[in-house]
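Take a look at the structure set out below.
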Amino acid sequence: MKEVDDIVVASLLKICTENIDDSVKAMAFIAVAKLGDVDRQKTVADAIGKIHSIYLRGAILFSARYMHKAVRKNVIDLLENTDPMLSMIAKSVKKHA
Numbered sequence: 005m006k007e008v009d010d011i012v013v014a015s016l017l018k019i020c021t022e023n024i025d026d027s028v029k030a031m032a033f034i035a036v037a038k039l040g041d042v043d044r045q046k047t048v049a050d051a052i053g054k055i056h057s058i059y060l061r062g063a064i065l066f067s068a069r070y071m072h073k074a075v076r077k078n079v080i081d082l083l084e085n086t087d088p089m090l091s092m093i094a095k096s097v098k099k100h101a
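As structure tokens, then:
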């Protein structure tokens, strides 16, 4: 995959903290996980503690498919048994990772 400038990834992370629609935040989380380095991926994983929206938690869990193995395992372990929908997403992530 083509390398993306860190300023782009940082801007996407900033979107995740703004007061905007959850669908935009979800896409930003997925993009950061896919395009960012391990430290940026950890920032996405750390957002789980601050986010209570099942929609955004699902997006973060889905984005784990693009994360480094250790970060992916951590995200799956944190979320897979918290909701039936998240359990299904976790199965998909495990299958395609």
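Numbering (my numbering), first residue to last: 5 to 101.
Note that CB positions come from ideal geometry on N, CA and C, so glycine has one too.
Since this is a predicted model, take the numbers as computed values, not measurements.
Quick check: what's the CA-CA separation for D26 versus D9?
One-based indexing of the sequence shown puts residue 26 at position 22. One-based indexing of the sequence shown puts residue 9 at position 5. Roughly 24 Å between the two C-alpha positions.
What is the DSSP secondary structure of T21, reduced to helix, strand or coil?
Taking the first residue of the sequence shown as position 1, residue 21 is located at position 17. Residue state, collapsed to three classes: coil.
Straight-line gap, A35 to K99 (C-alpha atoms, nearest Å):
Start at 1 with the first residue of the sequence shown, and residue 35 comes out as number 31. Start at 1 with the first residue of the sequence shown, and residue 99 comes out as number 95. Spanning the two alpha carbons is a distance of roughly 20 Å.
DSSP state of N78, grouped into three classes?
By 1-based counting over the sequence shown, the position of residue 78 is 74. Three-state result, N78: helix.
Evaluate I103 with the Cβ neighbour count: other Cβ atoms within 10 Å of its Cβ, from every protein chain shown; 16 or more gives buried, anything less gives exposed.
Outside the displayed span of the chain (5 to 101) sits residue 103, for which this structure offers no information.
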